[in-house]
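By this note's numbering, the letter at position 58 of the sequence shown is numbered 71, and the numbering carries on one by one without gaps. Using N, Cα and C, we set each Cβ at its ideal position, and we do this for glycine too.
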Amino acid sequence: MRETQIKDSLYSISKWGKFIAIITMIYGVISALSGLGVFLVGAIPGVIFLFSGIALYRSSTYAGHLLHEYEENNLAEFLMAIAKYLKLQSIVYIISIVGFLILVIGWSFLATALTSQLH
């Protein structure tokens with residue numbers, strides 16, 4: 014029973030992981046290109062998304078290899094790639110949260126400055 018669940022999970026990771034990886038890479042390229050219009054720094058999140066998608070694609074590929082034949086090397090590569098994906102995603106989320114907070118603070122200062130100009 015456990016073996017069937019493991020194989021089903023590896024199959025799902027292999028197929029859905031590749032699909033999400035491709036979407037993530039496309040989004041990363043679009044984000045990086047649109048970020049270049051602002052500043053070079055604006056492209057950084059897109060580049061991180063691109064590398065994140067590549068890591069997820071690699072882990073999905075190794076999940077497929079594990080599905081067909083268990084090899085310790087495939088397991089190690091799968092785990093390293095998924096760990097890299099999780100780290101890169103964490104960086105993107107932290108950048109997004111910090112960027113949002115900077116935006117909110119900036120808008121509040123701007124609103125305060127405009128309100129004081131009106132009085």
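Integer Cβ distance of residue i from residue j, believed to fall under 8 Å
i: Gly66; j: Met93; result: 16 Å between Cβ atoms; not a contact.
i: Pro58; j: Gly50; result: Not confirmed; about 14 Å, so no contact.
i: Phe101; j: Phe52; result: The question names Phe, yet the displayed sequence has Leu at residue 101. With 8 Å as the limit, Leu101 and Phe52 do not qualify as a contact, their Cβ atoms being about 21 Å apart.
Cutoff 8 Å: residue i Cβ touching any chain D Cβ
i: Lys100; result: Considering every chain present, this structure includes no chain D. It has just one protein chain.
Status (buried if at least 16 other CB within 10 Å, exposed otherwise) for residue i
i: Phe62; result: buried
i: Trp126; result: The sequence shown places Ala at residue 126, not Trp. So Ala126 counts as exposed.
i: Val117; result: exposed
i: Ser44; result: buried
i: Phe145; result: The structure shown does not extend to residue 145, since the chain spans only 14 to 132, so no value can be given for it.
Beta-carbon gap between residue i and residue j smaller than 8 Å
i: Leu80; j: Leu23; result: yes
i: Val60; j: Gly41; result: yes
i: Gly30; j: Ser72; result: yes
i: Ile35; j: Ala76; result: no
Three-state secondary structure (DSSP) of residue i
i: Glu84; result: coil
i: Gly50; result: coil
i: Met38; result: helix
i: Met93; result: helix
Check: residue i C-beta below 7 Å from any heavy atom of the ligand NAD
i: Ile26; result: The ligand content of the structure shown is nil, which means the ligand NAD is not present either.
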